[in-house]
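First the structure, in the form of structure tokens, and then the observations on it.
Numbering (UniProt numbering), first residue to last: 1 to 147.
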């Protein structure tokens, strides 16, 4: 574990509380930046995820699947809305290799979606942390029973 904390049920509760806090932030971002910037078909997955979070059903594989699908959709839409322009400056002042400058331009939709992405990733990481601690506790309990 990254904190070096002992394995006990209190740790699971603390991680779960962190995940619920992350889920509230995530819902806000989904409603503000994601859902309005997705097409109607893509919007359904995000709305279903909001429904799951609102009913506090985030600790199962279906929630993770929904979250992963929304993350992939958001990443794809950010990529689709981003163009990279390389500018070449041909003069004697740029002979050191600094003659090429790269600029990224995003659509308004991609800009909005990129704001939400860290919150989605944080929620996914928080849920995985809860699962990891629970699995570790079970593994240690099984090990103790065998000894």
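Glycine is no exception: its CB is placed at the ideal position from the N, C-alpha and C atoms. Just so we're clear, the structure is a prediction, and the values are computed from it rather than from any experiment.
C-alpha gap between residue i and residue j, whole angstroms
| i | j | result |
| --- | --- | --- |
| residue 140 | residue 13 | 18 Å |
| residue 104 | residue 115 | 16 Å |
| residue 83 | residue 102 | 10 Å |
| residue 56 | residue 37 | 24 Å |
Where the alpha helix (DSSP H) through residue i begins and ends
| i | result |
| --- | --- |
| residue 34 | Per DSSP, residue 34 belongs to no alpha helix (DSSP H) and is neither H nor E. |
| residue 150 | The structure shown does not extend to residue 150, since the chain is modelled only from 1 through 147, so no value can be given for it. |
| residue 124 | 108-146 |
Cβ-Cβ distance between residue i and residue j below 9 Å
| i | j | result |
| --- | --- | --- |
| residue 33 | residue 48 | no |
| residue 10 | residue 27 | no |
| residue 137 | residue 19 | no |
| residue 77 | residue 109 | yes |
| residue 30 | residue 71 | no |
Contacts around residue i, its chain only, beta-carbon distance under 6 Å, and the 5 residues preceding and following it disregarded
| i | result |
| --- | --- |
| residue 124 | 67 |
Residues near residue i by beta carbon distance below 8 Å, same chain, minus five either side
| i | result |
| --- | --- |
| residue 15 | 126, 129, 130 and 133 |
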